[in-house]
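Take my numbering: the last position of the sequence shown gets the number 725, and nothing is skipped along the way.
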Amino acid sequence: MIRIEDIIEKVEANRPSADTDLIRRSYFFSAMHHRGQKRASGEPYLIHPLEVADILAEMKLDEISVSTGLLHDVVEDTLVDLETIRKYFGDEITRLVDGLTKIATISNLSKEKQQAENVRKMVLAMITDVRVVLIKLADRLHNMRTMQFLKPEKRARISQETLDIYAPIAHRLGMGKVRSELEDLSFQNLYPHEYKKLANEVEARRAELEAALSKIKETIRAKLIENDVPFVEIQSRVKRLYSLWKKLRSRKLTIEQIYDLIAVRVITPNDKKCCYLALSVIHDIWTPVPERFKDWIAIPRDNMYRSLHTSVIGDGGQAFEVQIRTEDMHHIAEEGVAAHWKYKESKLGRQEEDENLDELRRTVEKLLLPLVETTEDNEDSEDFIESLKLDLYPKDVYAFTPMGKVLQLPRGSTPIDFAYAIHSEVGDKCTGAKVNGRIVPLRYEIQNGDVIEILTTSNSKPSRDWLNHVVTSKARSRIRHWISEQQRRESIELGRKLLEKEADRFRLSPKKLLGNDDELKRIANEYGLSRGEDLLASIGYGKTLPRNVLAKHLGAERFAELDPEKKKEGTLQTGFKAVKKLIGLGEDAIIVKGVDNLLTTRARCCNPLRGEPIIGYISLGKGIVVHNRNCKNVKSLMVNRDRIVDVEWAKSEKEEIQSVRLLATTENRTGMLAGITNAIAEIKTGIRDARANVSKDDIGLIEVTVEVFDKKHLDKVVSSIEQVPGVINVERVNF
Ligand code: MN
-9 MIRIEDIIEK VEANRPSADT DLIRRSYFFS AMHHRGQKRA SGEPYLIHPL
41 EVADILAEMK LDEISVSTGL LHDVVEDTLV DLETIRKYFG DEITRLVDGL
91 TKIATISNLS KEKQQAENVR KMVLAMITDV RVVLIKLADR LHNMRTMQFL
141 KPEKRARISQ ETLDIYAPIA HRLGMGKVRS ELEDLSFQNL YPHEYKKLAN
191 EVEARRAELE AALSKIKETI RAKLIENDVP FVEIQSRVKR LYSLWKKLRS
241 RKLTIEQIYD LIAVRVITPN DKKCCYLALS VIHDIWTPVP ERFKDWIAIP
291 RDNMYRSLHT SVIGDGGQAF EVQIRTEDMH HIAEEGVAAH WKYKESKLGR
341 QEEDENLDEL RRTVEKLLLP LVETTEDNED SEDFIESLKL DLYPKDVYAF
391 TPMGKVLQLP RGSTPIDFAY AIHSEVGDKC TGAKVNGRIV PLRYEIQNGD
441 VIEILTTSNS KPSRDWLNHV VTSKARSRIR HWISEQQRRE SIELGRKLLE
491 KEADRFRLSP KKLLGNDDEL KRIANEYGLS RGEDLLASIG YGKTLPRNVL
541 AKHLGAERFA ELDPEKKKEG TLQTGFKAVK KLIGLGEDAI IVKGVDNLLT
591 TRARCCNPLR GEPIIGYISL GKGIVVHNRN CKNVKSLMVN RDRIVDVEWA
641 KSEKEEIQSV RLLATTENRT GMLAGITNAI AEIKTGIRDA RANVSKDDIG
691 LIEVTVEVFD KKHLDKVVSS IEQVPGVINV ERVNF
């Protein structure tokens, strides 16, 4: 059990002139009246007020606060009344204890109403004296830390209340450290399974993340020193579980898809210039992610938070956040109002101290008063708690059109949601937005009271990218609808071209088939499709081969007769391949997780082979471009990480052929080309093209384009070429 003298020592260290006798008297009073009471753990009850007092001493609060911490449960849980407190400890402590004491239980009030009344009372007390909220948060923090002995239902109820009311209040008051701890403890008690699962997942990656972090820190340290930028400390952390969990849930991601699992913080000396210097060094090392930079130094948040935030793409293509702030800003970020309190009081004289306390009170009032003001004329206490929750942690935001019309949208909505909420047409034609007169990116998160003007142009179209920036179902479904319509239009057009081309090869007039709706419909029906357009779309999607459509059109006999393939022995597959090349991968070689019928194209830069690790990038107009995961271009594409999609190779019954170009460097001797082509033919692999050259320094350069099924096949081809005498090296070259 913590000793009262330890607490007194802490207070004295910060405030040499503190009235420690008051603290001792409070301690004895509390010990006397809580005597015999036990906590759920079976320990003496006194532990609780002692620990609360200790948290307050750690926050460097004054002796009045620490004493109140010791006395805070006396009126509520023992027979002592406020008048007795007043007699022994005076008005100030009495007022604080009163603010912390729940209203007497009135049997005809519902539980909800009692909770509401208690919160209302507390918020009002907080506004008169900020110490009420600091003591209440310390009280809640200790209760949350020692919940394991309570029944699960009670744990869940208290945790929910903490998430709904106390963590947001701590956030409002800028108390980052307390807020984080309250949130993580609530999460752990409210969703124990999910907490454990996530904790294990993070734990499994801990070593890897820590290694990445220490490398990043080392790089920053070296560069700051190299550029003579002063700094105090570089901190790093794996993100908190609760915020991670919220992110996973709201965006429906898995932990592998969260890129900014880690974060780094640079603390500089107390000169904001150092922050901007450090920022320029960071941006010099790594590429910043556009739109993720925030300057909370130039424009501090309401709760006094100041810091620079930026996200950069690290060496492995992984984005991470960097926060940069001075030591003073850091204290405020962690302690919020509490930092302000001790900071002002310890350094200044009495007069100034009072002025500063006044200023602090005004700040707190500004932060908390709206909570009770909105419900002033509201007599119903259940409504009060609801609107309090709404205000602390609102689910909806209200925004205005320039004409003054109010739209209610879920929190997290963007101008795109707003545009679709006005009208589908406005959404479809939306190109930008002005919020309160200033142009903002379309991913801007709408705040309460924003006046939003949507900019449109008649020829603009929705973008697939928008799906990552909308939260309303109306916007989502309209964008999806538009994309699938658009894909269908593109596919019909592509299908038409492919069929024309194929008809051309059969020396048929394309018009005969394409201009004949009935015939197209007839063939479509044979495929189980209802309209000719559906058939063209199916060709465009790469599901139906135009060659087969012609076969159905001509009948087997005429088809065989006209078939250009028949005339060229041994190249039976070229027509087939031409089609494949045109439509990219064809025959569902790659499937995009969770989506059907998307056009996919292999990236030309790396030409991924079946079996290699791949990643998809949504390129407007080209559908999904599939890259090798190791492709050097993938790193720069990660900047638009919202456009990265998971893709995988489909299991195909049929083996798909892909052309790969190889370059062999050889000794310059005769018969090299023949030797290589023979080696390839021996393992029954097709050769598309082969040519030989001699470099200036008398090295043979032989380029062959081979047809392979997958990575394994290619490896076999490469090793068979390597075994040809005279071959020095074989490498894959891309187009
Ligand atoms: Mn308590």
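Quick reminder that beta carbons are idealized off the backbone N, C-alpha and C, glycines included.
Residue i CB to nearest heavy atom of the ligand MN below 7 Å
| i | result |
| --- | --- |
| Val42 | yes |
| Asp735 | Residue 735 is absent from the model: the chain starts at -9 and stops at 725. |
| Asp63 | yes |
| His38 | yes |
| Asp261 | no |
| Asp129 | yes |
Cβ-Cβ distance between residue i and residue j below 8 Å
| i | j | result |
| --- | --- | --- |
| Gly417 | Gly166 | no |
| Val64 | Ser20 | yes |
| Lys464 | Tyr410 | yes |
| Ala202 | Ile252 | yes |
| Ala493 | Asp440 | no |
| Ile442 | Phe408 | yes |
| Thr258 | Ala268 | yes |
| Ala128 | Leu61 | no |
| Pro296 | Ile303 | The question names Pro, but residue 296 in the sequence shown is Arg. No; because the gap between Cβ atoms is not below 8 Å, this pair is not in contact. |
| Thr316 | Ile272 | no |
| Arg478 | Leu504 | no |
| Phe139 | Ser31 | yes |
| Thr531 | Ser481 | Looking at the sequence provided, one finds Tyr at residue 531 rather than Thr. Contact: yes. |
| Ile513 | Leu498 | no |
| Glu41 | Leu12 | no |
| Thr119 | Gly80 | Contrary to the premise, residue 119 reads as Asp rather than Thr in this sequence. Cβ distance not < 8 Å, so Asp119 and Gly80 don't count as in contact. |
| Ile670 | Val694 | yes |
| Lys533 | Glu516 | no |
Segment limits, alpha helix (DSSP H) that includes residue i
| i | result |
| --- | --- |
| Leu525 | Gly522 to Gly530 |
| Trp472 | Ser463 to Arg495 |
| Gly665 | Met662 to Glu672 |
| Leu86 | Leu72 to Leu90 |
| Lys424 | Taken as a continuous stretch (DSSP letters only), Lys424 belongs to no alpha helix (DSSP H), being part of the beta strand (DSSP E) at Cys420 to Val425. |
| Ile215 | Pro182 to Glu216 |
| Arg512 | Asp507 to Glu516 |
| Trp551 | According to the sequence shown, residue 551 is Glu rather than Trp. Taken as a continuous stretch (DSSP letters only), the alpha helix (DSSP H) holding Glu551 covers Ala546 to Leu552. |
| Leu40 | Ile37 to Glu48 |
Spatial neighbours of residue i in its chain, beta-carbon cut-off 8 Å, leaving aside the 5 residues before and after
| i | result |
| --- | --- |
| Asp174 | Arg230, Leu231 and Tyr232 |
| Glu48 | Lys0 |
| Glu559 | Any reading at Glu559 must be qualified, since the residue scores a pLDDT of 44, below 50, and its modelled position is unreliable; the value itself is stated next. Once the five neighbours on either side are set aside, Glu559 has no close Cβ partner at all. |
| Gly716 | Thr656, Glu657, Arg659, Met662, Gly665 and Gly690 |
| Gly565 | At Gly565 the pLDDT is 33, less than 50, meaning the model places this residue with poor confidence and gives no usable figure here. |
| Asp367 | Caution applies to Asp367, whose pLDDT of 42 falls short of 50 and renders its modelled position unreliable; the model cannot decide the point. |
| Val629 | Thr277, Val279, Pro280 and Ile303 |
| Pro500 | Leu489, Glu490, Ala493 and Asp494 |
Rounded Cβ spacing between residue i and residue j (contact assumed at less than 8 Å)
| i | j | result |
| --- | --- | --- |
| Thr462 | Ser403 | 6 Å |
| Lys511 | Gly518 | At roughly 13 Å, the Cβ-Cβ gap does not stay under 8 Å, so Lys511 and Gly518 are not in contact. |
| Lys207 | Val254 | 7 Å |
| Val87 | Leu69 | Incorrect: roughly 14 Å between the Cβ atoms, too far for contact. |
| Pro741 | Phe496 | Because the chain spans -9 through 725 in this model, residue 741 falls outside it and cannot be assessed. |
| Leu51 | Arg130 | Not quite, the Cβ-Cβ distance comes to about 16 Å (not below 8 Å), so this is no contact. |
| Arg722 | Val650 | 6 Å |
Residue range of the beta strand (DSSP E) that includes residue i
| i | result |
| --- | --- |
| Arg227 | Glu223 to Val228 |
| Phe751 | Because the chain is modelled from -9 through 725, residue 751 falls outside the range shown and cannot be assessed. |
| Asp679 | Gly676 to Val684 |
| Val730 | Here the chain has residues from -9 to 725 only, and residue 730 is not among them. |
| Ile159 | Note, Ile159: premise wrong, no beta strand (DSSP E); alpha helix (DSSP H) at Ala157 to Arg162. |
| Ile303 | Leu298 to Ile303 |
| Pro400 | Val396 to Pro400 |
| Thr58 | Premise fails: Thr58 lies in the alpha helix (DSSP H), Glu53 to Leu61, not in any beta strand (DSSP E). |
Contacting residues, own chain, Cβ-Cβ under 7 Å from residue i (five flanking each side not counted)
| i | result |
| --- | --- |
| Glu712 | Val720 |
| Val734 | The structure shown has nothing for residue 734, since the chain only spans -9 to 725. |
| Ala43 | Ile(-3), Val56, Gly59 and Leu60 |
| Asp578 | Interpretation of Asp578 is limited by its pLDDT of 49, a score under 50 that renders its predicted location unreliable; the figure taken from the coordinates is listed afterwards. Same-chain partners within the cutoff: Ala640. |
Cβ shell of residue i (< 6 Å), same chain only, five flanking positions each side left out
| i | result |
| --- | --- |
| Ile647 | Glu697 |
| Ser176 | Ser149, Thr152 and Leu153 |
| Gln313 | Arg255, Ser297 and His299 |
| Trp472 | Pro452 |
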